[in-house]
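Which chain is which? The protein sequence lines are H and B, in order. So the first sequence is numbered by my numbering: it starts at 1307 and just counts up by one. So the second sequence is numbered by my numbering: it starts at 226 and just counts up by one.
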Amino acid sequence: MSEATGLRQPKKASADLFRKLGVEPVPDNEKVQEAIRHLDDFRFRVRSFVMAMESCVKCGACAEACHTYLGTRDPNNIPAGRVDLIRKAYKRYFTVQGQLFPGLVGAQDLDLETIEKWYSYFYQCSECRRCAHVCPFGIDTAEVTFIARQILYWLGIAPQLHAATAEAILRTGNHMGLTKAGIEDTLEFLAEEIEEDYDGLKVEFPVDKPNSDILYVPSSADFMLNPNTLKGAAMFFKYVGANWTISSEITEAGNFGYLSDQSRIQREMVTRLFREATKLGVKKIVWGECGHGWRAAKMYPPTVSDLPGVKRIPITHIHDEVEAYIKAGRLELDPKRNDRKVTLHDPCNYARACGHSDNMRVIMNAVVPKGAFVEMKPSREANFCCGGGSGILFDDPDMYQFRILASNKKAEQVRETGADTLCAPCSICKAQLYPMVKEHKLPVEVVGLIDLVGHALVFRD
Amino acid sequence: MDLIIGQILPYTAAVVFIGGVTWRIWRWMIPRIVHNITLSPWPASWSAAIVWILWQFATFWNLLKFDRPLWAGAWFMHIALFLMLGGHIAAFYTVGLQFHLMAPGIITPEMSLALSDWIGTVLGLIFLVALLYLLGRRLVNEQVRNISSASDFLHLFLLIGIAALGNIMRLFPDYHLGYAPVREYLAGLFLFNPQPLPDHTLFIMKYTLVMTLMIVFPFSKLMHSFGFFWERWIVNRPYKEPARGLPGARLQLRK
Ligand code: HEM
Ligand code: SF4
Ligand code: SF4
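This is the structure in structure tokens:
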């Protein structure tokens, strides 16, 4: 718990860090007024926000749909309860009934305490959209979370993790703050590993190669945590003989801006992406394994950027391309090399926002032996979040404990499959599931999907 | 009394209802659907999207799938409500002859009246029972109680009041009123040719509650009936995938 507020809150970014990001924190005595002004602004701009505010019937169907409520049993973690933290003020200031009969309709003046609650509960929501999937109206709490986090950011309130990552983005174009030298170093090392592990197979990892046809955008976390995902991608590109490159200016499939500051940092990432793609002359951008980042890259660029490249350079996911090659019968894969009992965690952003439920399964069934793949229940678009979605991967003890609680449902699902391998093709899911597996004592190894593809590819010549 | 409840209130209620709903929807149309936030798997086309939305509407599909006990209350309550709304219009307009007018050769006027009575009674009872069930659920289920405010209960009480009065008028002959006097009165309202309110306490009570509902409607969560379509229009829309294949690669999808 935070000492000051008694709420579960991640460590806050300092005022100095915010100034580096170009945001002057709003003094406490002006925060409330400023927040109301922003809410007033948003209600004339974003319809998904207004509809979430105005069409909930408080039926409670979403309660059991949300893994954070299931893990904490805190009424403010019921999606409708979470939204109410804003809705009460929205009603108070912007509706007739809330102005006339606040007590009756559950309208409330906004105060600093509530803003602290926003910080607590909108950083417990993982923007997984399972509530939208379940709600009879399709009310999408994630849309409210986006706006709550944006307002908090403008007030000068954000987790250290998100703000520091935003700063790294502005400095290096990736979350981990990797430099070109560091990137090349790691990739060289991975090329050597592949050569050792796969009978002298020579794989290249081109960086900033001019006149490439394909720009591959990996997650920067792969350089530290999930090297096998990078290897798998390189082996696939080698197999099909692609003229590809990684850009050291945008070595980042994620987009933390999307998770805390859509107005600037999210756009910054999109701008960088298309600037680099244009500079390198690529004909297509292929995305690496990252859920929220893929949603930000697939669904948002046309509406967050008016750069001409956005309309001219198509973006697909590496899963899309591998699936197409498998369906065309153009890859020789040896499933026996992945002889394990594997289950698939559908990353929320793939399953509920990007339409990937099928392609992951086409790939999975091609790279593991028949019968080795067991589904979780529920799966696909009804799947539960890993508990770390939207980058709530906090390490402060209190928030760490929350992460483990929020993954209760996931752990239960994984255990029921009896699998020894948990495939989670998303960087945030992986970063969340490594500790989840440890704390819940699950006997599984966490891997990516492209890892399995690389391992199963049969190279001849 | 007759002037206020019989003549002034009805026009007020109608104006507030139509004006209020229009104003709310007008306001929804100002903010834009900024990004494509469709829920996947998304519909393949706009027509598929519309079919899906109507399917959700007709079956309360999500509740059926994810919250069966709630579905049992909500679906029956709403179906009874929609059918009764239609039934009220038809029965008062035709004085209970709607079925006769639909199939004159087959259904006699007497049969039509009996049918109208019978269907109305059954629906009225389903409606009341379902409402009581939803009220019970809101009271007993801790999660739902936690997110409820007073108005959530008041809407239910209002509807329960209307349903209960309607059922009493139907089931107890002593309190029965019949279509004709109401039709005469309502026709007066529609034609701006004022007729006195039928002299019937229960009717006047029920009628007042209905007008209250109409006035409350645009300022309450009851707007979810329209909100449903506006929200789904945002989250159920098609998306077009870019073509697959890696330009310049040695191995192409097609040989
Ligand atoms: C577009 C069509 C509609 C849909 C899809 C819809 C859907 C729903 C759903 C899912 C609930 C939740 C059940 C609950 O809270 O217990 C609900 C509640 C309710 N609906 Fe509707 N509804 C529609 C139209 C209407 C209309 C026209 C009315 C007119 C009065 C209405 C009145 C109510 C009431 C009073 C409740 C509250 C029940 C409660 O509080 O427990 N609905 N509706
Ligand atoms: S399921 Fe939808 S309508 Fe019901 S309480 Fe949750 S957000 Fe509101
Ligand atoms: S988006 Fe996910 S975490 Fe957030 S309220 Fe909805 S179900 Fe819960």
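From the three backbone atoms N, C-alpha and C, an ideal C-beta is built for every residue, glycine too. Since the model is a prediction, treat every value here as computed from it, not as a measurement.
For residue i, which residues in chain B fall below 8 Å Cβ to Cβ?
{"i": "TYR1778(H)", "result": "With chain H covering only 1307 through 1767, there is no way to say anything about residue 1778(H)."}
{"i": "ASN1549(H)", "result": "GLY473, ALA474"}
{"i": "PRO1381(H)", "result": "GLN368, ASN371, ILE372"}
{"i": "GLU1449(H)", "result": "ILE262"}
{"i": "LYS1590(H)", "result": "LEU471, PRO472"}
Could you pull the DSSP bridge partners for residue i from this structure?
{"i": "ARG457(B)", "result": "Partner(s): none; ARG457(B) has no beta bridge."}
{"i": "PRO1465(H)", "result": "LYS1318(H)"}
{"i": "PHE1679(H)", "result": "VAL1648(H)"}
{"i": "GLU1751(H)", "result": "THR1727(H)"}
{"i": "LEU1639(H)", "result": "LEU1763(H)"}
{"i": "VAL1329(H)", "result": "Its beta-bridge partners do not exist; DSSP assigns none."}
Which residues in chain H have a C-beta closer than 9 Å to the C-beta of residue i? List them in chain order.
{"i": "SER376(B)", "result": "GLN1403, PHE1407, LEU1410, VAL1411, GLY1412"}
{"i": "MET448(B)", "result": "GLU1360, SER1361"}
{"i": "SER265(B)", "result": "TYR1656, ALA1657, ARG1658, ALA1659, CYS1660, GLY1661, HIS1662, SER1663, GLU1687"}
{"i": "ILE255(B)", "result": "ARG1349, PHE1350, ARG1351, ARG1353, VAL1356"}
{"i": "SER445(B)", "result": "GLN1403, VAL1411"}
Just to confirm, are residue i and residue j a CB contact at a threshold of 9 Å?
{"i": "ARG1392(H)", "j": "VAL1450(H)", "result": "Residue 1392(H) is actually Ile in this sequence, not Arg. Going by C-beta atoms, ILE1392(H) is nearer than 9 Å to VAL1450(H)."}
{"i": "MET1357(H)", "j": "PHE1452(H)", "result": "no"}
{"i": "TYR1522(H)", "j": "TYR1564(H)", "result": "no"}
{"i": "LEU348(B)", "j": "MET394(B)", "result": "no"}
{"i": "GLY1704(H)", "j": "GLN1405(H)", "result": "A quick correction: the sequence has Asp, not Gly, at residue 1704(H). Result no, Cβ atoms of ASP1704(H) and GLN1405(H) do not sit closer than 9 Å."}
{"i": "SER1696(H)", "j": "ALA1497(H)", "result": "no"}
{"i": "GLY1462(H)", "j": "VAL1588(H)", "result": "no"}
{"i": "ASP1726(H)", "j": "ASN1689(H)", "result": "no"}
{"i": "ALA1762(H)", "j": "ASN1644(H)", "result": "yes"}
{"i": "ILE440(B)", "j": "VAL241(B)", "result": "yes"}
{"i": "GLU1629(H)", "j": "GLY1599(H)", "result": "no"}
{"i": "LEU379(B)", "j": "LEU1410(H)", "result": "yes"}
{"i": "ILE1571(H)", "j": "TRP1550(H)", "result": "no"}
{"i": "VAL1668(H)", "j": "LYS1647(H)", "result": "no"}
{"i": "ILE1445(H)", "j": "VAL1389(H)", "result": "yes"}
{"i": "MET1575(H)", "j": "GLY1479(H)", "result": "yes"}
{"i": "VAL1363(H)", "j": "ASP377(B)", "result": "yes"}
In chain H, which residues lie with their C-beta within 7 Å of the C-beta of residue i?
{"i": "ARG469(B)", "result": "THR1622, ASP1626, GLU1627, ALA1630"}
{"i": "LEU288(B)", "result": "ALA1367, PRO1442"}
{"i": "VAL178(B)", "result": "No statement about residue 178(B) is possible, as the shown extent of chain B runs from 226 to 480 and does not include it."}
{"i": "LEU384(B)", "result": "Within chain H, no residue comes near LEU384(B); the closest Cβ sits about 13 Å away, beyond 7 Å."}
{"i": "LEU295(B)", "result": "CYS1365, ALA1367"}
Are the C-beta atoms of residue i and some chain D residue less than 9 Å apart?
{"i": "CYS1362(H)", "result": "The structure shown contains no chain D; its protein chains are H and B."}
Taking 8 Å as the cut-off, is the C-beta of residue i nearer than that to any heavy atom in ligand 3?
{"i": "PRO1524(H)", "result": "no"}
{"i": "SER1426(H)", "result": "no"}
{"i": "TYR318(B)", "result": "no"}
{"i": "HIS260(B)", "result": "no"}
{"i": "PRO1385(H)", "result": "yes"}
{"i": "HIS1598(H)", "result": "no"}
{"i": "THR263(B)", "result": "no"}
{"i": "CYS1691(H)", "result": "yes"}
Any chance the CB of residue i is under 8 Å from a heavy atom of ligand 2?
{"i": "GLU1369(H)", "result": "Reading off the sequence, residue 1369(H) comes out as Ala, not Glu. Checking the Cβ of ALA1369(H) against ligand 2 gives yes."}
{"i": "THR284(B)", "result": "no"}
{"i": "THR1447(H)", "result": "yes"}
{"i": "ILE372(B)", "result": "yes"}
{"i": "PRO1442(H)", "result": "yes"}
{"i": "SER1361(H)", "result": "yes"}
{"i": "GLY1366(H)", "result": "yes"}
From the options, pick the residue whose C-alpha is nearest to that of residue i; which is it?
{"i": "ARG1636(H)", "options": "PHE1543(H), ALA1712(H), GLU1555(H), GLY1724(H)", "result": "PHE1543(H)"}
{"i": "GLY312(B)", "options": "TRP458(B), ILE230(B), ILE429(B), TYR404(B)", "result": "TYR404(B)"}
{"i": "GLY1560(H)", "options": "MET1541(H), VAL1750(H), ALA1527(H), ALA1762(H)", "result": "ALA1527(H)"}
{"i": "GLN1738(H)", "options": "TYR1706(H), VAL1720(H), ASP1726(H), VAL1764(H)", "result": "TYR1706(H)"}
{"i": "ALA1487(H)", "options": "GLU1501(H), ASP1346(H), ASP1514(H), TRP1600(H)", "result": "ASP1514(H)"}
{"i": "SER1553(H)", "options": "ILE1571(H), LYS1537(H), THR1584(H)", "result": "THR1584(H)"}
{"i": "LEU228(B)", "options": "ILE429(B), ILE459(B), ARG462(B)", "result": "ILE429(B)"}
{"i": "ILE1756(H)", "options": "GLU1595(H), ASN1714(H), LEU1613(H)", "result": "GLU1595(H)"}
{"i": "TRP458(B)", "options": "PRO294(B), LEU402(B), LYS480(B), ALA274(B)", "result": "ALA274(B)"}
{"i": "LEU478(B)", "options": "ASP1626(H), SER1611(H), SER1566(H), VAL1576(H)", "result": "ASP1626(H)"}
{"i": "PHE1428(H)", "options": "PHE1529(H), PHE1407(H), TYR1459(H), THR1401(H)", "result": "TYR1459(H)"}
{"i": "LYS1508(H)", "options": "GLU1473(H), TYR1545(H), ILE1475(H)", "result": "TYR1545(H)"}
{"i": "GLU1745(H)", "options": "TRP1424(H), LEU1711(H), LEU1586(H)", "result": "LEU1711(H)"}
I want to verify the contact list: residues of chain B whose CB lies under 7 Å from the CB of residue i, in sequence order.
{"i": "VAL1546(H)", "result": "LEU471, ALA474, ARG475, LEU476"}
So which residues of chain B does residue i contact, with C-beta pairs closer than 9 Å?
{"i": "THR1609(H)", "result": "VAL259, HIS260, ASN261"}
{"i": "GLY1387(H)", "result": "GLN368, ASN371, ILE372"}
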